[in-house]
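Q: Would you mind keeping the following structure in view while I ask a few things?
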Amino acid sequence: MKRAASFIVFIHFLLYGQGVQAKADISYKIEMLNWKEVNQLVPKYTKFTVMDVETGKRFKVQRRAGSHHADVQPLTAKDTKMMKKIYSGKWSWKRRAIIVIYKENWIAASMHGMPHGGGALQNNFPGHFCIHFYGSTTHRTNSMDLSHMLMVLKASGKLDDYLGKANPYEVINAYVAGFKQQDVRITSQASLQKVRWKPILQKVENVRLSRLELLPPEDLKEEISLDVPAVVDWYIEDRGRQTFSGDIHLVRFSPTDPWKVDSEDFLKENHLP
Numbered sequence: 268m269k270r271a272a273s274f275i276v277f278i279h280f281l282l283y284g285q286g287v288q289a290k291a292d293i294s295y296k297i298e299m300l301n302w303k304e305v306n307q308l309v310p311k312y313t314k315f316t317v318m319d320v321e322t323g324k325r326f327k328v329q330r331r332a333g334s335h336h337a338d339v340q341p342l343t344a345k346d347t348k349m350m351k352k353i354y355s356g357k358w359s360w361k362r363r364a365i366i367v368i369y370k371e372n373w374i375a376a377s378m379h380g381m382p383h384g385g386g387a388l389q390n391n392f393p394g395h396f397c398i399h400f401y402g403s404t405t406h407r408t409n410s411m412d413l414s415h416m417l418m419v420l421k422a423s424g425k426l427d428d429y430l431g432k433a434n435p436y437e438v439i440n441a442y443v444a445g446f447k448q449q450d451v452r453i454t455s456q457a458s459l460q461k462v463r464w465k466p467i468l469q470k471v472e473n474v475r476l477s478r479l480e481l482l483p484p485e486d487l488k489e490e491i492s493l494d495v496p497a498v499v500d501w502y503i504e505d506r507g508r509q510t511f512s513g514d515i516h517l518v519r520f521s522p523t524d525p526w527k528v529d530s531e532d533f534l535k536e537n538h539l540p
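Here the sequence shown is numbered in our numbering, starting from 268 and rising by one per residue.
Below you can see the structure in the form of C-alpha cells.
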C-alpha cells in the first residue's frame, strides 16, 4: 500500500491539540508506508533517525535484524540516553507514535521502549527494541499488533479517520488500548466526554480486555446506542488487580456519526478517578 496516507506538516506544528510543539527547519510529508516497502527502503544495517511524536525528541538508530518488523538499536550511548528520556527514565513495553526519518522519507511508525534479546553496538543499551510500520506483525502472529497499529495511525494523522469509521467493537478495543498505552490522544478520540485523562492514565499499569460479546456489525447499522457486555482486567497503581464485568455503553448521534464510549459511565463503573 504505497503512500496509503500522508499529510503535510509545516515548520511549526501543534501535535494533536495536546500542547506539545515540535519544530523543523523544512516542510515535510509524513507517509504511512507498508512494511514490505520499508523493509526494502531501510535494509539491515541502515542508520536512520527516530522522532517521538509527543515530544519531538530525536535519536539515531541502526537496524540490525527483523523480518516481520525492524529490530533496531540506538546508535550511541547518547542516543540511548535520549530514548530513555523519552520514556521518562524507565524502559517500558508501552508503544509510542514515532516518525522514522531516512533521507527524504518521513515514515509513520510505532516503537516500544524495552531492551530485549541481543545487541551488538557499544551504546549502553542491553539488547535491541522493535519498530513497527503499517503491516508489520509480531513474531508470534500474522496480524498487526493493535497498539502498534493505532500508534502508526496516530503518527500518520489517520487515527481520527480510522475511529470515525470504526464499528463499536473496534472503538472499544482502541479505547482500552489507549488505557494500556497511557495515550491521551487515543482515549480522547474514542470518548464521548472530555476528560482529564493524564492523571487517570498514569495510574493504569496494565489492562486487558478479556471478553467482549459481539454482534455482527451489519446488525448495528441503524443503532445509535449500544450496551456491550465485557470483562476488563485492570492493574492499578497502589491498588493492584481489579476486574470489571458489565456493559460498556456506546452512543452516536446518528447512524452516520462515529461511535463513542460513554467515559463518564465507564470510569465510574471501573472505579477510576
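Positions of the beta carbon are idealized from the N, C-alpha and C atoms, including for glycine.
Just so we're clear, the structure is a prediction, and the values are computed from it rather than from any experiment.
Within 10 angstroms of the Cβ of LYS465, are there 16 or more other Cβ atoms? Answer buried if so, exposed if not.
A: It is exposed - the Cβ of LYS465 has fewer than 16 other Cβ atoms within 10 Å.
Q: Considering just the uninterrupted stretch of the alpha helix (DSSP H) at LYS535, what are its terminal residues?
A: 530–536 is the extent of the alpha helix (DSSP H) around LYS535.
Q: As a quick exercise: from PHE392, LYS425, LEU413, pick the residue whose alpha carbon is nearest that of GLN329.
A: Looking at the Cα atoms, PHE392 is the closest of the given residues.
Q: Out of curiosity, what's the CA-to-CA distance linking SER355 and GLN448?
A: Rounded to whole angstroms, SER355 to GLN448 spans 14 Å at the Cα level.
Q: For PHE520, does the count of other Cβ atoms within 10 angstroms reach 16, so buried, or fall short, so exposed?
A: It is exposed - the Cβ of PHE520 has fewer than 16 other Cβ atoms within 10 Å.
Q: In the DSSP output, which residue or residues are listed as bridge partners for GLY445?
A: According to DSSP, GLY445 bridges with nothing at all.
Q: With DSSP collapsed to three states, give me the class of GLN340.
A: In this structure, GLN340 counts as strand in the three-state DSSP scheme.
Q: Taking 8 Å as the cut-off, does the segment 297–315 touch the segment 345–352 (at least 3 CB pairs, one atom from each stretch)?
A: The segment 345–352 is not in contact with the segment 297–315.
Q: On a CA-only basis, which of TRP501, GLY445, GLN340, LEU300 is nearest GLN389? Give me that one, please.
A: Of the candidates TRP501, GLY445, GLN340, LEU300, the one whose C-alpha sits nearest the C-alpha of GLN389 is GLN340.
Q: Do the segment 364–379 and the segment 422–430 make contact, defined as three or more Cβ pairs closer than 8 Å?
A: With a cut-off of 8 Å, the segment 422–430 and the segment 364–379 count as touching, because enough Cβ pairs lie within range.
Q: Start and end of the beta strand (DSSP E) containing HIS383?
A: Neither: HIS383 is in no beta strand (DSSP E) and is coded neither H nor E.
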